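One structure is given below, encoded as structure tokens.
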Amino acid sequence: MIASIVLRSIGFDETSALLVSIVSHRRNKSYSVVQSTFYTWYRLADLIQTNNEFIIEKVKPYMEKLVDVLCTQCKLDSDHLGIPPETDEKNSKNNGTSNSDLGEFRYRVQCLIEDTIYITGALNCFQRMFDKLQSSSSLSWEESEAPLYIMSCVASYLPPDEDKIVPNVIQAIISTPIQPGIVHTALKYTGVRLISQLENWIANNDQQILKSVIQYLLSLLVDKELRHISGDAILIISQQCRKQLLNDLDQIIQATLWLDLNDSGSDAAQCLLKASSKIISRLISIDDIHRYLKLLFDQQIQSLTQILSTQSDTNYSSITKRLDCLTAIFRSLDFKTTHEETHPCITIVQQLMPLLNLIIVRYRSSGKLSECWSRTIRFIIRSMRSHAKIFFQPIVELIISSYDDVPHSCFLYLISIIIDEYGNDQDLKPSIIVMSEHLTTKTFSILNKPDGFKQNPDLVDDFYRLSSRLLQRCPLEYLKSGVIQPIIEQIIPNSHLEHRDASSSMIAFLQTLVKLTSHKNKEIKNKSELSEIRSLSMSLCETYIPNLLTAFIRAIVISRVPSSIRSSISEFVSEVKTYMSDKFPQWLQKSLTEIPRTSKNGLVEIVTLKQHEQFYKALCESDTQPSTIDYEFETFAKLYR
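So in numbering that gives the first Met the number 0, spot 632 of the sequence shown is number 631, and the numbers just go up one at a time.
As structure tokens, this is what we get:
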């Protein structure tokens, strides 16, 4: 609004000049004044985008001036030690730095430059910062680091065919001495950051440049301060250059094993495990695949075996790190294996299963360790897909026994992943339904306690996610089971639950049920089952939706659930209107008769009959867009305040 008013009053040139002037005259170390102009720059950029090239050319010089000023203000202090300040909490913790005003400011600058890059042009901005670096041979380290940082903000937007500046920049960075004390750590850090943003350019250019870049990044792994950014850069480049790096796999694996041994579980170690796994996945020779997988997994298996040889509470951290490493590997392995072929990881998982079994049996009382274990199993299944079917029974039995003993919600989430992968398998459907009945009984023994839903929102969230998966993957068998009715019934008294994820999962489950009433459901694989599925789902909808509508309207107007939950309810009502438009008016009318119009003692009329009728008419006649329905709900709820 402010940008539009100022723009209409004084024009693009004057507005841009005024904003640059404000930014240029910052006289203290508070970045709030400069950041306060960013929103106006965003709005100006939006307005410019809707105009012609002539306007862009007029504003471009001011935008270039802005970038120059921001580059100066991004400069670190000359006495700064270590890597640049991070804005990401996780990275800050891992790198031993803390968030700072400057770190936050630099991040905001990055966002602004990226979102307005179409005005200045990425190559133009990159060139101007490069010229700034070359303008003097006596620049201090902090005067060199700031332009490099700005260059890293636009590097990913450079065209792959640029061959004049980028090769020189890369060569300058990888020629930097790696020994500590010669070049400031922050300067090397930002150089690596810049290289990681050039991954698309590197992937499309000279193979020798790629090789030199990888060599440089591997050499930096010995530096603890640069280890994480270097590992991250190797991973980013490996994702783009899997096949090009096959010849360098030996060196990358060697570095991975060294780092995994000396800095186990660190982000850097996991980055290299992922990078190695991604490259291995593109090997052609089966012998090579098995050889490299053996190198990668032997160290994990040996380490886990050693840790588990002694039972101690102090093992938790070591086990968690190893599970995270296994997860990193399986998450990145994606062999293109047909159903008829043997998956390369079959033997490895067979070796791992006794260890994974021992971990969860011995340590399942720990919620954190159970989550790590579940994540590892999850990515084994996601990586191997149908090939992991041979592990279905032992894994499911292990999860159920663990859930019976210690009902962590992560076990339910893991089961939902298993159902997602194998729910369509006719051989496994009977076992899946038996499993679901058992899990439902156990779960509701907890949730049916006083305030059970309120006290266990994570359990509610993951249980209803699991129930939705069952409706999606084996709808007929699940609809015929005896557990689905109480699952629906329990939503009614808990419709006012003020936990966004739990509430959203319950409503998403109902939406899945409603969609099954359609005669054009593309999700159903076996079309011969379509008629029976429609009949069963329609019967459930006719039984429960009137009461559900009543409960949800009460939750909105009386319990006053948050807007995010009201939005989810609106999406559910939209689905009901779409798939059962002929029944919706009748159900809504019945529901509204149960919504009180007066105070508890009946003496004060809160909402008139006419207002009820207006709401009914508005909801029935409105389109099926959730946003429209949400507006009607919000308007109706205001009458009760």
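Where a beta carbon is used, it is the ideal one built from N, C-alpha and C, also for glycine. A quick note: this is a predicted structure, and the numbers were derived from the prediction, not measured.
Per DSSP, the beta bridge partners of Thr597 are Glu604.
Within the model, the alpha-carbon separation for Ser558 versus Gln454 is close to 18 angstroms. Bounds of any alpha helix (DSSP H) do not take in Pro492, whose DSSP letter is neither H nor E. Annotated three-state conformation of Tyr630 is helix, per DSSP. Gln196 counts as buried, since at least 16 other C-beta atoms from the protein chains shown sit within 10 angstroms of its C-beta. In the three-state scheme derived from DSSP, where H, G and I count as helix and E and B as strand, Val575 is classed as helix.
Listed in chain order, the alpha helix (DSSP H) runs fully inside the stretch 439–525 are 451–454, 456–472, 474–479, 483–488, 499–514, counting runs of at least 4 residues.
Under the three-state reduction of DSSP output, Val182 falls in the coil class, being neither helix nor strand. Excluding the 5 residues flanking it on each side, Ser155 has same chain C-beta neighbours closer than 6 angstroms at Gln196, in chain order. For the pair Leu220 and Gln310, the Cα-to-Cα distance works out to about 33 angstroms. Counting along the chain, Glu141 sits inside the alpha helix (DSSP H) bounded by residues 140–153. Residue nearest to Glu141 within the set Phe551, Ser77, Tyr477, Lys223 is Ser77 (criterion: CA-CA distance).
Ranked by Cα distance from Leu548, the options Lys526, Glu574, Ile416, Arg127 are led by Glu574.
For Ile177, the closest C-alpha among the options Asp222, Glu113, Arg472 is that of Asp222. DSSP, reduced to helix, strand and coil, places Glu339 outside both helices and strands of the structure shown, so it counts as coil. Between Ile431 and Ile418, the beta carbon gap of about 6 angstroms places them in contact (Cβ cut-off 8 angstroms). According to the DSSP assignment, Glu103 belongs to the alpha helix (DSSP H) that extends over 100–114. Glu620 sits in a helix when the DSSP states are folded into three classes. For Ile318 and Leu368, the gap between their C-alpha atoms comes out near 8 angstroms. Between Lys479 and Gln392, the alpha-carbon positions lie close to 23 angstroms from each other.
Assignment of Arg565 by DSSP, reduced to helix, strand and coil, places it in the helix class. Take Gln206, set aside five residues on each side of it, and the residues of its chain with a beta-carbon closer than 8 angstroms to its own are Gln243, in chain order. DSSP places Phe129 in the uninterrupted alpha helix (DSSP H) bounded by 121–133.
Here the alpha carbon of Leu292 sits roughly 22 angstroms from the alpha carbon of Ala232.
Gly481 counts as exposed, since fewer than 16 other beta carbons sit within 10 angstroms of its beta carbon. Arg374 and Leu122 have their alpha carbons spaced roughly 42 angstroms apart. Here the alpha carbon of Arg596 sits roughly 48 angstroms from the alpha carbon of Leu46. Thr511 places its beta carbon less than 8 angstroms from that of Gln471.
Per DSSP, Phe390 is not a residue of any alpha helix (DSSP H), being assigned neither H nor E. Taking each of Met537, Ser135, Ala44 in turn and checking the Cα distance to Ile112, the smallest one comes out for Ala44. DSSP assignment within the stretch 200–225 yields the following whole alpha helix (DSSP H) runs of 4 residues or more, N-terminal first: 206–218. Sorting Lys616, Arg565, Ile594 by C-alpha distance to the C-alpha of Ser626 places Arg565 at the top. Exposed is the label assigned to Phe53, since fewer than 16 other Cβ atoms lie within 10 Å of its Cβ. Contact check between the stretch 97–106 and the stretch 182–199: fewer than three CB pairs, one atom from each, fall below 8 angstroms, which does not count as touching. Under the three-pair Cβ rule at 8 angstroms, the stretch 275–295 counts as touching the stretch 330–337. Under the DSSP assignment, Leu271 falls in the alpha helix (DSSP H) whose first and last residues are 266–279.
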